[in-house]
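Peer 1:
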Amino acid sequence: MTPINAVRRRRAALVLSTTAALLGGITSALPPAASAAVVDTNASYVLVNRHSGKALDVYDLATGDGARIAQYTRNDGAWQQWQFLDSGGGYYRLKSRHSGKVLQISGGSTADAADVVQWTDGNTTSQQFRLADSAGGYVRLLNRGSGKAVETYEWSTADGARVVQWPDLDGANQQWLPVKLAAGTFTNPIKRNGPDPWLQFHNGYYYLATTTWNSTITMRRSRTLAGLSTAADQTVFTLSGRPNRCCNMWAPEFHLLNGRWYLYYVAGQNVPDYNPTQRLHVLESSGTDPLGPYTFKADLGSTWELDPSILQHGGKLYLMGSAMDGTQSLTITPLSNPYTISGSRRTISQPTLAWERQTGAVNEGAEPLYRNGKTMIVYSASACWGPDYKLGLLTLTGTDPLNRAHWTKSANPVFQRNDGNGVFAPGHNGFFKSPDGTEDWIVYHANDSAGGGCDMNRSTRAQRFTWNSDGTPNFGTPVRLGTSLAAPSGEPAS
């Protein structure tokens, strides 16, 4: 339909509705609330336009205030998923699973053809919509502030077409089918034979790397957490033939810094007693794909050290590790860039508490965690070859990460074995965000029995965590293998 005909159709419909009201009061100023559509405020919905068959979409995957809302071919991505937030009185805000922002009539306008945009949730009337029934299970979205309906502008069927408000005419371009998406689930493990896991969500995919204990560094990817369990391992770098760094690859981590991925890992010589030769190393990607390609960038130290990670604080980078300082302890070293050491290595934590010394006295696997301006380190304690490997917490209570006195250690572990759930030696963790950025998740390895060792039999597991009132993480209890868990928020529907 041409724009002129579209306008005529709107005007004709408006005339008919007005005439009907004058003749018999058949229509009312406010259509009845939707009865066909039952809204589940915990679910995600895709809203499909009756006229075009396309979905309500955050255009160009934007996350900022004022970004326009469009229609686009349905793909069920997080940018097409909407959660209904109850505002009371039969009105809802529609929250994007992608951006965390809600639908709003631009500027709170009451004018015809005002754009629908996304904005930070303020629960204003311009952000509140009521569902009114149309035929066949479709609904109209009527804005509380203007009383007008959300529609595809000028009856367009094109990808990227504007979505605006217009007087409620119950036209097909104002009718939206709320399609409830099945909540995704997954079960642990997400990788068998996957010790020392590192997992990140980037550009629509989860990427997972774990210890291989050989001369390859591998990574697997999947659009869903559940899919990682069957995804193929892809070799992203081969260490063979590299002097002093050929073998026994452990604890890979990849960090996006200054527009490139830097992959940190542990490797050494091919000797029966590998521990004396293990060192820290780093690769650099050629672009922004976590799968590479990578080139070797630097050795990070010339003495035995394990479990590299990166701490960022005050605009500076620090290399964290685990080295011998009487006992196996947590270390930190300043960096001038992601691959250059710029100062002396310092010890910031030793296994001094009883729960850090079970089977063996160990502090290792330091991982940064940030929240509301607070900088923390979650680390692994006790021997990995025993059932009591667990997680502890350090909090930066001073200003200098290099100063041991500026770190405060929690008196008790924050994550540990659960015999009732059959989970032993949970540790060597990482952190990642859900696809929509609203949830915090921990990834870690653990054993199935108290007799499990510090080897390739450890499996990769993940679960959501929350926060205590004092700003520290609440990891809860490690879940039993095979337990069905809700997938991270914002995952595409399976």
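Using full-length UniProt numbering, the first residue of the sequence shown is number 1, and each one after it goes up by one.
All C-beta atoms, glycine included, are put in the ideal place defined by N, C-alpha and C.
#1: Look at the Cβ atom of residue 445, then the Cβ atom of residue 458, and state whether they are nearer than 7 angstroms.
#2: Does the structure place the region 46–57 close enough to the region 152–169 that three or more beta carbon pairs sit under 8 angstroms?
#3: Under 8 angstroms, with one C-beta from each stretch per pair, do the region 157–174 and the region 82–102 reach the 3-pair mark?
#4: What residues in its chain sit with their C-beta under 6 angstroms from that of residue 360, if we drop five residues either side in the sequence?
#5: Looking at residue 188 and the ligand FMN, is the gap between the Cβ and the nearest heavy atom below 6 angstroms?
#6: Note down the Cα distance separating residue 62 from residue 451, rounded to an integer number of angstroms.
#7: Can you find the residues in the same chain that come closer than 7 angstroms, C-beta to C-beta, to residue 335, ignoring five residues on each side of it along the sequence?
#8: Residue 96 by DSSP, collapsed to three states: which one?
#9: Have a look at 210, 135, 164 and flag the residue whose alpha-carbon is nearest the alpha-carbon of residue 461.
#10: In angstroms, rounded to a whole number, what distance separates the CA positions of residue 408 and residue 257?
#11: Could you please give me the residues that DSSP links to residue 149 through a beta bridge?
#12: Residue 290 and residue 234 look like a contact to me (Cβ under 8 angstroms); what is the Cβ gap, rounded to whole Å?
#13: Compare the Cα-Cα distances from residue 350 to each of 93, 165, 362 and report the closest residue.
#14: Grouping DSSP H, G and I as helix and E and B as strand, with all else coil, what is residue 276?
#15: Just confirm the distance between the C-beta atoms of residue 46 and residue 179, as a whole number of angstroms; I'd bet it's less than 8 angstroms.
#16: Taking the CB atoms as reference points, tell me whether residue 428 and residue 469 lie closer together than 7 angstroms.
#17: Report yes or no: do three or more beta-carbon pairs, one from the region 213–222 and one from the region 182–189, lie closer than 8 angstroms?
#18: How do the region 238–248 and the region 267–278 stand: do at least 3 beta-carbon pairs fall below 8 angstroms, yes or no?
#19: Within its chain, find whatever has a CB closer than 6 angstroms to the CB of residue 43; leave out the 5 residues flanking it on each side and keep chain order.
#20: In chain order, what are the residue ranges of uninterrupted alpha helix (DSSP H) at least 4 long that sit wholly in the region 446–493?
#21: Quick check: what's the CA-CA separation for residue 391 versus residue 430?
#22: Please list the terminal residues of the continuous beta strand (DSSP E) segment that includes residue 357.
#23: On a Cα-Cα basis, can you pick out the residue from 226, 60, 94, 64 that is closest to residue 41?
#24: Measure the Cβ-Cβ separation of residue 307 and residue 322 and say whether it is below 7 angstroms.
#25: Would you mind stating whether residue 232 and residue 222 have Cβ atoms separated by less than 7 angstroms?
#26: Within its chain, find whatever has a CB closer than 6 angstroms to the CB of residue 490; leave out the 5 residues flanking it on each side and keep chain order.
#27: Going by DSSP, what residue range makes up the beta strand (DSSP E) through residue 313?
#28: Could you tell me which of 188, 481, 48, 126 sits nearest to residue 140, measuring between CA atoms?
#29: Could you say which of 260, 304, 282, 227 lies nearest to residue 239 if we only look at CA atoms?
#30: Whose CA, out of 128, 377, 66, lies closest to the CA of residue 413?
#31: Keeping to the same chain, check which residues put their C-beta closer than 6 angstroms to that of residue 348; ignore five residues upstream and five downstream.
#32: Are the CB atoms of residue 134 and residue 175 nearer to each other than 7 angstroms?
#33: Which term fits residue 194, buried or exposed, when burial requires 16 or more other beta carbons within 10 angstroms of its beta carbon?
#34: For chain D, is any of its Cβ atoms less than 7 angstroms away from the one on residue 177?
Peer 2: So, from the listed chains and residues:
#1: yes
#2: yes
#3: Because the criterion of three Cβ pairs below 8 angstroms is not met, the region 157–174 and the region 82–102 do not touch.
#4: Here the set comprises 383.
#5: This structure lacks the ligand FMN, and indeed carries no ligand of any kind.
#6: 49 angstroms
#7: 317, 318, 319, 341, 342
#8: strand
#9: 210
#10: One C-alpha to the other measures close to 27 angstroms.
#11: Answer is 142, 166, bridged to residue 149.
#12: With 8 angstroms as the limit, residue 290 and residue 234 do not qualify as a contact, their Cβ atoms being about 10 angstroms apart.
#13: 362
#14: helix
#15: With a Cβ gap of about 5 angstroms, residue 46 and residue 179 count as contacting.
#16: no
#17: no
#18: yes
#19: So the list reads 180, once near-sequence residues are dropped.
#20: none
#21: 11 angstroms
#22: Residue 357 -> no beta strand (DSSP E), and no H or E assigned at all.
#23: 94
#24: yes
#25: no
#26: Contacts found: 78, 97, 434, 435, 436.
#27: 306–313
#28: Minimum Cα distance to residue 140 is reached at 48.
#29: Ranked by how close their Cα comes to the Cα of residue 239, the residues 260, 304, 282, 227 have 282 in first place.
#30: 377
#31: 330, 332, 404, 407
#32: yes
#33: buried
#34: Annotation note: the requested chain D is absent from the structure, which comprises a single protein chain.
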